[in-house]
Structure formats: C-alpha cells, structure tokens
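Data first, discussion second: the structure below is written as structure tokens.
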Amino acid sequence: MELTLPQPQLHPKCLQFPSLKSRVSVFQTTPYPPFQASIFSVNQRYLTPLNTPRSISTSALLGGNNTSVSPIDSGARIGEVKRVTKETNVSVKINLDGSGIADSSSGIPFLDHMLDQLASHGLFDVHVKATGDVHIDDHHTNEDVALAIGTALLQALGDRKGINRFGNFSAPLDEALVHVSLDLSGRPHLGYDLDLPSQRVGTYDTQLVEHFFQSLVNTSGMTLHIRKFSGTNSHHIIEATFKAFARALRQATEYDTRRRGTIPSSKGVLSRS
Numbered sequence: 001m002e003l004t005l006p007q008p009q010l011h012p013k014c015l016q017f018p019s020l021k022s023r024v025s026v027f028q029t030t031p032y033p034p035f036q037a038s039i040f041s042v043n044q045r046y047l048t049p050l051n052t053p054r055s056i057s058t059s060a061l062l063g064g065n066n067t068s069v070s071p072i073d074s075g076a077r078i079g080e081v082k083r084v085t086k087e088t089n090v091s092v093k094i095n096l097d098g099s100g101i102a103d104s105s106s107g108i109p110f111l112d113h114m115l116d117q118l119a120s121h122g123l124f125d126v127h128v129k130a131t132g133d134v135h136i137d138d139h140h141t142n143e144d145v146a147l148a149i150g151t152a153l154l155q156a157l158g159d160r161k162g163i164n165r166f167g168n169f170s171a172p173l174d175e176a177l178v179h180v181s182l183d184l185s186g187r188p189h190l191g192y193d194l195d196l197p198s199q200r201v202g203t204y205d206t207q208l209v210e211h212f213f214q215s216l217v218n219t220s221g222m223t224l225h226i227r228k229f230s231g232t233n234s235h236h237i238i239e240a241t242f243k244a245f246a247r248a249l250r251q252a253t254e255y256d257t258r259r260r261g262t263i264p265s266s267k268g269v270l271s272r273s
C-alpha cells in the first residue's frame, strides 16, 4: 500500500520565485568614541577623540584679573595664556598632544632647562616667553610662569572627558630618585617633600622649586605629591622632579579608550570647586 503525502502549499506570491535565498544585511559599526590622530601632532601614536564635546570652565576663561586666555578650537587640546602684571609679562602655549617641542625663554636659564624636561618627557609642545624684574630676583617671574602654565593646562584639559586622570612616575637621575603622583581632580593641593642640600643651583634659588609647583597647582586644579627617595645633588634632584612630573602628567592627560569618552569621576564631573 502506497502513501501519498500532500505537497506543501506555497503562497501565490512565492510562486514568482523559483528559488528563495535568505538575505543578510551587513552593517558596519564604529565603536564610540571614534578616534583620529591629532592634527597638532606629528607623532601619530597619540590619539584624540573625534567629535567629543569639550567645555571650558568659567575660571579657565577668566584666568584672573591680569590673565587673558585665548579661545581655542573645541577639538584641540591646546591652552594659550598671556599674563601681564607690573612685574612680569608672560605668554604660554601648551599642546597636550604635541611631540616634545620645547621653546622657552623665561629669563631664568635654569627654569628654561626644567621646562625643556617637561616638554621632552611629557611629549607636550611647550612655548614660554617671559620678561620680568629678574634684576631684583627670580621670584616673580618663576611664580607667574607657573601660574600661566597651570591656567594653560586647565584650558587645554577642558571637561577632562576620557582621560586617565591619575598619573605617577619615579624618575632616577644618577644618585637621585624622585617620585611624583598626581590627580587632575580639580582640587588644588601640593604635598612637597624635597630636601635640597644647596640653596642655589647656579643663580637659581632652590626655594623657588616648591613655589613653582604650588603656583601651578593653584591655577590648574591639580592634586600633586612630590617625594624624594634619595639624592645629594640639588641639580639632579630638581631635574629628576621635573622629569617625573612630566611623565606623570603625560600619563594622566592621555586617553583611556575603555572609558569611552566619559568623565573619570563617580560624581560625573571634575571641576575646581
């Protein structure tokens, strides 16, 4: 006995197609945030977010009574500041995504040497031009250069979206070893533990090292801790400090791709208040 199975009935519209094939739509997705090499950097290893909104705090725009801040394109991480007082005339420009260009002329040779370390080891482009009453001493120029650099950093960082925020580095220089740890928190604080054996390096008063970092911290809104582990030569200790600071700041300002453009804070905001 033979059994005949009924043939499946196709919808009339399906009869138009002798062969039906499944279709797969392929969509190309782009992870957020898209990145592109900074147009301000010749070093293509360092990437900056594309189309990531940036805002600049009111305090960065105002910059104090005697400080003017130039508006910068929202896609650039550049700060440019001019500070003029009766004692000094200071211009600072810093590019966080630079290649280590150092162009400093502060009228204080040892300070220029230290700013070269900031540029070289942080891979920042640092331009500093300053004139001041160095015929009295280096105090006012040293202070105002640091205040202007701090304000330029504040401007360049903007809302600080996507950055690592924290940085730390230990830098050796011969017998000297200095550790720097910092937090771009928006809360200014300096912990300073450097014992410098001599009062001067060349003509530079070594007391001005602490004053430089205190001034920079005050305007940038940075928490900064500096500690000497060893060292007997003041030049080596100070230079190791600037090198460690440069590397820690570089680490803190670079982007964390896993953060996906968000602000690195559980509060959702990093500000100076």
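Note that full-length UniProt numbering gives residue 40 to position 40 of the sequence shown, counting from 1, and the numbers run on in steps of one. Glycine is no exception: its CB is placed at the ideal position from the N, C-alpha and C atoms. Note that the coordinates shown come from a computational prediction; the quantities given were computed from them, not determined experimentally.
(Q) On a Cα-Cα basis, can you pick out the residue from N233, G191 and D193 that is closest to residue 285? (A) Only positions 1 to 273 of the chain appear in the structure, and residue 285 is not among them; the question remains open.
Q) Under the DSSP definition of a beta bridge, which residues are partnered with T262? A) According to DSSP, T262 bridges with nothing at all.
Q | Continuous beta strand (DSSP E) assignments of at least 3 residues falling wholly in the region 139-192 | A | Qualifying beta strand (DSSP E) stretches, in chain order: 166-173 and 176-183.
Q) On the three-state DSSP scale, how would you describe D256? A) Correct three-state label for D256: coil.
Q: Could you check if S22 is buried or exposed, using at least 16 other CB atoms within 10 Å of its CB as the buried criterion?
A: Unreliable placement is indicated for S22, whose pLDDT of 43 sits below 50; the coordinate value is still reported in the next sentence. Under this definition S22 is an exposed residue.
Q | Rounded C-alpha distance that separates L62 from T241 | A | The pLDDT assigned to L62 is 43, lower than 50, so where the model puts this residue is not dependable, and the model offers no usable value.
Q: Answer yes or no: do Y192 and I237 have a C-beta to C-beta separation smaller than 8 angstroms?
A: Note that the C-beta distance between Y192 and I237 is not below 8 angstroms.
Q: Name the one or two DSSP bridge partners that A130 has.
A: DSSP, once it has assigned bridges, lists V90 as partnering A130.
Q) Would you say Q117 and K228 are within 8 angstroms of each other, going by their C-beta atoms? A) If you check the CB distance, Q117 and K228 do not come in under 8 angstroms.
Q.
Less than 8 angstroms between the beta carbons of R258 and G122, yes or no?
A. No, the Cβ-Cβ distance between R258 and G122 is not below 8 angstroms.
Q.
Here's a check: name, in chain order, each residue in its chain whose Cβ is nearer than 7 angstroms to the Cβ of L190, leaving out the five neighbours to either side.
A. Hits under 7 angstroms: F213, Q214, V217 and L224.
Q.
With a threshold of 8 angstroms, are at least 3 pairs of Cβ atoms found where one atom belongs to the region 127-142 and the other to the region 100-116?
A. Judged by Cβ distances under 8 angstroms, the region 127-142 makes contact with the region 100-116, as three or more pairs qualify.
Q. Cα separation between F245 and H179?
A. Looking at the backbone, the Cα of F245 and that of H179 are separated by about 8 angstroms.
Q.
I'd like to know whether the C-beta of K228 is nearer than 8 angstroms to at least one C-beta of chain B.
A. Of the protein chains in this structure there is only one, and it is not chain B.
Q: Please specify which runs of the alpha helix (DSSP H), each continuous and at least 4 residues long, are wholly inside the region 198-250, giving them in chain order.
A: Those alpha helix (DSSP H) runs which fall completely within the region 198-250 and span 4+ residues are 207-220.
Q | Close Cβ partners of S120 (< 8 angstroms) along its chain, the five nearest in sequence each way excluded | A | Same-chain partners within the cutoff: G100, A102 and A246.
Q: Label D183 either buried or exposed according to how many other C-beta atoms from any shown protein chain fall within 10 Å of its C-beta, with 16 as the threshold for buried.
A: Buried: at least 16 other Cβ atoms inside 10 Å.
Q.
According to DSSP, simplified to helix, strand and coil, what is L270?
A. DSSP places L270 in coil when its eight states are reduced to three.
Q: Look up D112 in the DSSP assignment and say whether it is helix, strand or coil.
A: The answer is helix: DSSP assigns D112 an H, G or I state.
Q. What's the C-alpha gap between S220 and D159?
A. Taking the straight line from one Cα to the other gives about 13 angstroms.
Q) Hey, N66 and V84 are a contact pair by Cβ (cut 8 angstroms); roughly how many whole angstroms apart? A) Indeed they touch by this definition, with Cβ atoms about 6 angstroms apart.
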